[in-house]
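Take a look at the structure set out below.
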Ligand SMILES: CC(C)(COP(=O)(O)OP(=O)(O)OC[C@H]1O[C@@H](n2cnc3c(N)ncnc32)[C@H](O)[C@@H]1OP(=O)(O)O)[C@@H](O)C(=O)NCCC(=O)NCCS
């Protein structure tokens, strides 16, 4: 993937223990190799039963990546980051999404880690990294998140980073209650939680978010 033509791929975020780089074509295989079996995927995603369960789940990951890049626009975008320990193999994915960004400046997120990397504070680090990108560099006004009540670690990440519960809804295909949360820009910036995140390569990527100075 050309970083000249598609400067999103120059974007890199670093935390105390992690490096997050925008996913590229070459990451699809290594990411799918560590895809957890317990991860809930989009129930609306196309399945390919004759491939077998694991390959079919991997195809969903590949299509989500291609869809994100292929349908990108400043109005609505979805940005997948591959998460690695410094210089290591992939251990997870962190998505930052602006599903109606030009209208409301609200970002959403989704993430997973391999089971052996969970419960160590890494989920908080990777969410912190994308929140700092969104609030400090992309002008986001708020971040939202949601998880089923049983997903204590996802809700734990949100609450410990300052998100507040807003409302619940019912996840129809599972009949479970979904908790919705929201974090405001001023609360994030005041908290100083993003101060240790290092962000490189954001300037060349700004035009893809509809930001930055116009060229002739
Ligand atoms: C969700 C996920 C990315 C979180 O990452 P993680 O590294 O496990 O989470 P962390 O260790 O960074 O932090 C979890 C926070 O939740 C809290 N937490 C975890 N389990 C908890 C529980 N059972 N009850 C209350 N709080 C809990 C932790 O204490 C921590 O908060 P704190 O630092 O204030 O103490 C990871 O667990 C995962 O991959 N889960 C499977 C995929 C998934 O469910 N993704 C989310 C879909 S919405």
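Numbering (the numbering used here), first residue to last: 1 to 216.
Glycine included, each C-beta is placed from N, C-alpha and C at the ideal position.
Bear in mind that the values here come from a model prediction, so they are computed numbers and not experimental data.
Other residues of its chain near residue 137: CB distance less than 6 Å, five sequence neighbours each side excluded: 202
Does the distance between the C-beta of residue 63 and the nearest non-hydrogen atom of ligand 1 fall short of 8 Å? no
Of all the CB atoms in chain D, is at least one closer than 9 Å to the CB of residue 37? This model lacks chain D altogether; it includes just one protein chain.
Going by the C-beta, is residue 188 closer than 8 Å to any heavy atom of ligand 1? no
Applying the 10 Å Cβ sphere with the 16-neighbour rule, what's the burial state of residue 27? buried
Three-state secondary structure (DSSP) of residue 170: strand
By the 10 Å Cβ neighbour count, where 16 or more other Cβ atoms means buried, how is residue 128 classified, buried or exposed? buried
Does the beta carbon of residue 159 fall short of 8 Å from some heavy atom of ligand 1? yes
Give the range of the beta strand (DSSP E) segment to which residue 90 is assigned. 90-98
Reference residue 168; option with closest CA among 108, 179 and 79: 179
Check the DSSP bridge columns for residue 183 and list the partner residues they point to. 143
I need the residues with a C-beta less than 6 Å from some heavy atom of ligand 1; please give them in chain order. 39, 110, 111, 112, 113, 118, 119, 120, 121, 122, 123, 124, 147, 151, 152, 153, 154, 156, 157 and 160
Judging by CA-CA distance, which residue of 7, 3 and 2 is the nearest neighbour of residue 305? Residue 305 is absent from the model: the chain starts at 1 and stops at 216.
If you follow the beta strand (DSSP E) that residue 82 is in, where does it begin and where does it stop? 77-85
Please confirm if the segment 76-96 is in contact with the segment 45-60, defined as three or more CB-CB distances below 8 Å between the two stretches. no
Hey, would you say residue 160 sits closer than 9 Å to residue 147, going by beta carbons? no
Grouping DSSP H, G and I as helix and E and B as strand, with all else coil, what is residue 72? coil
Assign residue 66 to one of two classes, buried (16 or more other C-beta atoms within 10 Å of its C-beta) or exposed (fewer than that). exposed
Does DSSP put residue 108 in a helix, in a strand, or in coil? strand
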